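Step one of this worksheet: look at the structure below.
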Amino acid sequence: MSEAIWQGILVGLALSFSAGPVMFALIQTSLKEGFARAMLMEIGIVTADTLCIIGAYYSIGQWIGNPKWNNYILIVGGVLLIFIGLRSFKKKSARIRAAREFMKGSKTHPVWLIVQGFLYNLLNPSVILFWIGVMTLASANYEGNKKILTEHFATILTTMLSFDTLKAFFSYKLRRFITPRFMLYTSFILGIVFSVFGIALIAKGIISLV
């Protein structure tokens with residue numbers, strides 16, 4: 019297994035288990051409306067992620083593959099990942115209230131489910147910042163190699179799709195464990211992981227510059 023693939027799996031897993039409105043909406047849809055309708059929402063989610071990846075690639079495309087920018091890219095990516103991680107430590111009560119609201123829900127038109135999944139993802143600043151951070155890191159690590167980058171991000175999306183499908187399928191049976199507080203703790207742990215990873219990237223970039 020190549021480095022691009024196994025790292026893609028790790029990133030996909032991290033994003034799949036991050037606690038946010040998209041995850042709560044997907045679980046809520048599966049619980050209230052069934053697995054098939056949850057997959058309609060997943061189509062919108064994956065479409066938004068794909069657009070974010072493409073946008074992130076072209077937004078930094080002028081620097082990709084330029085060795086002198088690699089260290090700066092690592093530092094910028096690290097700062098973005100730290101920012102995402104720190105967001106997990108804020109507004110605990112607000113996150114719990116939002117989670118409870120998502121867990122209630124009501125019947126939704128099939129087409130609107132796709133639109134909802136798309137908008138929940140695309141309009142979330144954390145998602146956009148996440149993909150920019152991952153893209154800057156991957157671009158520096160793989161020196162802008164388009165083939166490897168495509169392999170890396172295809173693996174991320176495939177991993178996310180696979181685990182989101184499993185979450186939707188098993189959410190009904192595991193509903194007693196999927197509580198707002200549980201998701202809050204999961205988000206807190208992932209926030210620490212993102213922050214530590216971001217600090218490591220910044221340190222690597224600064225050391226290389228010195």
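Residue numbers (our numbering): 19 to 228.
Note that the Cβ used here is the ideal one computed from N, Cα and C, for glycine as well.
It should be emphasised that the depicted structure is a prediction, and the values quoted were computed from it without experimental measurement.
Next on the checklist: Quick check on DSSP: helix, strand or coil for TYR160?
Outcome noted: Position 142 of the sequence shown, counted from the first residue, corresponds to residue 160. Of the three classes helix, strand and coil, the one that applies to TYR160 here is coil, per DSSP.
Item to check | Cβ-based burial, TYR76 [other Cβ within 10 Å; buried from 16] | outcome: Residue mapping note: residue 76 aligns to position 58 of the sequence shown, counting from 1. Using a 10 angstroms sphere on the CB of TYR76, the tally of other CB atoms stays under 16, which defines it as exposed.
Next on the checklist: Can you check which of these residues, THR183, PHE215, SER213, is closest to ILE45 by C-alpha distance?
Outcome noted: Locating residue 45 in the sequence shown gives position 27, counting from the first residue. Among THR183, PHE215, SER213, the Cα nearest to that of ILE45 belongs to THR183.
Item to check | GLY123 in three-state terms, based on DSSP | outcome: As a working note, residue 123 is residue 105 in the sequence shown. Any reading at GLY123 needs caution, since the residue's pLDDT is 48, under 50, leaving its predicted position unreliable; the model's value is listed next. Coil, per DSSP.
Checklist entry - Should ALA221 go down as buried or exposed, given a rule of 16 or more other Cβ atoms within 10 Å for buried? => result What you label residue 221 is simply residue 203 of the sequence shown in a count that begins at 1. Exposed: under 16 other Cβ atoms inside 10 Å.
Checklist entry - So, does the CB of ILE27 fall closer than 9 Å to a CB anywhere in chain D? => result Absence of chain D from the displayed structure is noted, only one protein chain being present.
Checklist entry - By DSSP, does LEU69 sit in helix, in strand, or in coil? => result As a first step, residue 69 is located in the sequence shown; it is residue number 51 there, counting from the start. Reduced to three states, the DSSP call for LEU69 is helix.
Checklist entry - Taking the alpha carbon of ILE100 as the point to measure from, which residue in GLY26, ILE146, PHE212 has its own alpha carbon closest? => result Against the sequence shown, residue 100 aligns to sequence position 82. With distances taken between CA atoms, ILE100 lies nearest to PHE212 out of GLY26, ILE146, PHE212.
Checklist entry - Near VAL145, what residues of its chain come up, given a Cβ to Cβ distance below 7 Å and the 5 sequence neighbours on each side ignored? => result Translated into the one-based positions of the sequence shown, residue 145 becomes position 127. Excluding residues within five positions, the ones whose Cβ falls inside 7 Å are CYS70, ASN139.
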